[in-house]
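Undergrad: Following full-length UniProt numbering, the numbering of the sequence shown begins with 1 at its first residue and continues without gaps.
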Amino acid sequence: QKQRGRSASNEFLNIWGGQYNHTVQTLFALFKKLKLHNAMRLIKDYVSEDLHKYIPRSVPTISELRAAPDSSAKVDNGPPFPSSSGVSNSNNNRTSTTATEEIPSLESLGNIHISTVQRAAESLLEIDYAELENATDGWSPDNRLGQGGFGDVYRGKWKQLDVAIKVMNYRSPNIDQKMVELQQSYNELKYLNSIRHDNILALYGYSIKGGKPCLVYQLMKGGSLEARLRAHKAQNPLPALTWQQRFSISLGTARGIYFLHTARGTPLIHGDIKPANILLDQCLLPKIGDFGLVREGPKSLDAVVEVNKVFGTKIYLPPEFRNFRQLSTGVDVYSFGIVLLEVFTGRQVTDRVPENETKKNLLDYVKQQWRQ
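1. In the DSSP assignment, find the beta strand (DSSP E) that holds I249 and state where it starts and stops.
2. Would the beta-carbon of R144 fall within 8 Å of that of D152?
3. Name the DSSP bridge partner or partners of G223?
4. Can you tell me the Cα-Cα spacing of A202 and V339, whole angstroms?
5. Tell me which residues share the same chain as V47 and place their Cβ nearer than 8 Å to its Cβ, disregarding the 5 neighbours each side in the sequence.
6. The alpha helix (DSSP H) that contains Q218, what's its start and end?
7. Secondary structure at K35, three-state DSSP: helix, strand or coil?
8. Taking buried to mean at least 16 other C-beta atoms within 10 Å of its own C-beta, is L161 buried or exposed?
9. Should A130 go down as buried or exposed, given a rule of 16 or more other Cβ atoms within 10 Å for buried?
10. How should F247 be labelled, buried or exposed, when 16 other C-beta atoms within 10 angstroms of its C-beta is the threshold for buried?
11. Distance, Cα to Cα, S72 vs S250?
12. May I ask you to verify whether the segment 220-233 touches the segment 290-308, counting CB pairs closer than 8 Å and requiring at least 3?
13. Give the DSSP bridge partners of K314, in chain order.
14. Determine the extent of the alpha helix (DSSP H) in which D162 is found, giving its start and end residues.
15. If L279 and G289 are in contact, beta carbons under 8 Å, what's the gap, nearest whole angstrom?
This is the structure in structure tokens:
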């Protein structure tokens, strides 16, 4: 077309509307079917405003569309990063036809070096490991707040601040421990360093040149939502949360999740929303913590991406993710829905009962109560 001195776009439109007698509206529908969202935007002024609702709020750029791989390709979403509950991968051969996202896999963990982690935390304070050791009285067991699949959390006094220090200590014999610890540190630093919100846990600094990688957070003196929901079972029971407190905690958590999903052009999916990861300050203000499983989702809020690894806490994950590995913002929404059921029924997802009795599934319980 350049040799004839004509625009390729004009030639296409002449053939589209002249030779084949198609309309712009038909072209718009074709772009929608092919998920060419930027192309839909280019011609949206020439179609009815009623059709504008089909354009996603967040779309890839033209350069990303040109560089996009085959939409039917699977992606490796990196290590499963299992929680203490352990999530096994599903055996399913279903192929996704939605947009895919390149996310580092376990095989690429070797590319995560200390310098990479430092670049992800350029605006954060790098803390000397010896200072953190002193802050916790030499990692005294008396200062240990808890432990999980990725290490231990300690209470400490650092620079006259009460802090929580997460010490990375990956407990899997099958994977290079050092690489996973660095990947976990990198993941949390990368996202927490770029996110500031009242309902997202504040990260003060990091240390990666000592015995173990460490992340230093604001100490949440109210404990976790899980601890408060089970407070009546503790040795020194705390007062039960009031209805107003439960509502405020739920609302604050919802705001944090909404911010993760909408603040950037690409939604961030937490991947492990559960009461243990909703932390409370002394005023019971909730903050979402534990960003080791965070993944960037598909560019469009209404799209899904198929991944090769299932991660998170199984009982809080939706069936489409557990069974078909379809990742979307809906994973967090479903998990938060389960949390709400726990908050307002006072029951756990699966209550522990004697072995000779059938386990009481929370969803079944809610359905039964709804029918009554």
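Here a beta-carbon is modelled for each residue, glycine too, at the ideal position from N, C-alpha and C.
TA: Let me lay it out:
1. It is not in any beta strand (DSSP E) - I249 instead sits in the alpha helix (DSSP H) that spans W243 to T262.
2. yes
3. Answer is L280, bridged to G223.
4. 22 Å
5. Counting only Cβ-Cβ distances below 8 Å, and skipping sequence neighbours, we find V24, Q25 and F28.
6. Note, Q218: premise wrong, no alpha helix (DSSP H); beta strand (DSSP E) at C214 to Q218.
7. Three-state result, K35: coil.
8. exposed
9. Around the beta-carbon of A130, fewer than 16 other beta-carbon atoms lie within 10 Å, marking it exposed.
10. exposed
11. Low confidence applies to S72: its pLDDT is 34, below 50, so where it sits in the model is not reliable enough to give any reading.
12. no
13. For K314, which the question treats as bridged, DSSP gives no partner whatsoever.
14. From DSSP, D162 is part of no alpha helix (DSSP H) but of the beta strand (DSSP E) over L161 to M168.
15. 5 Å
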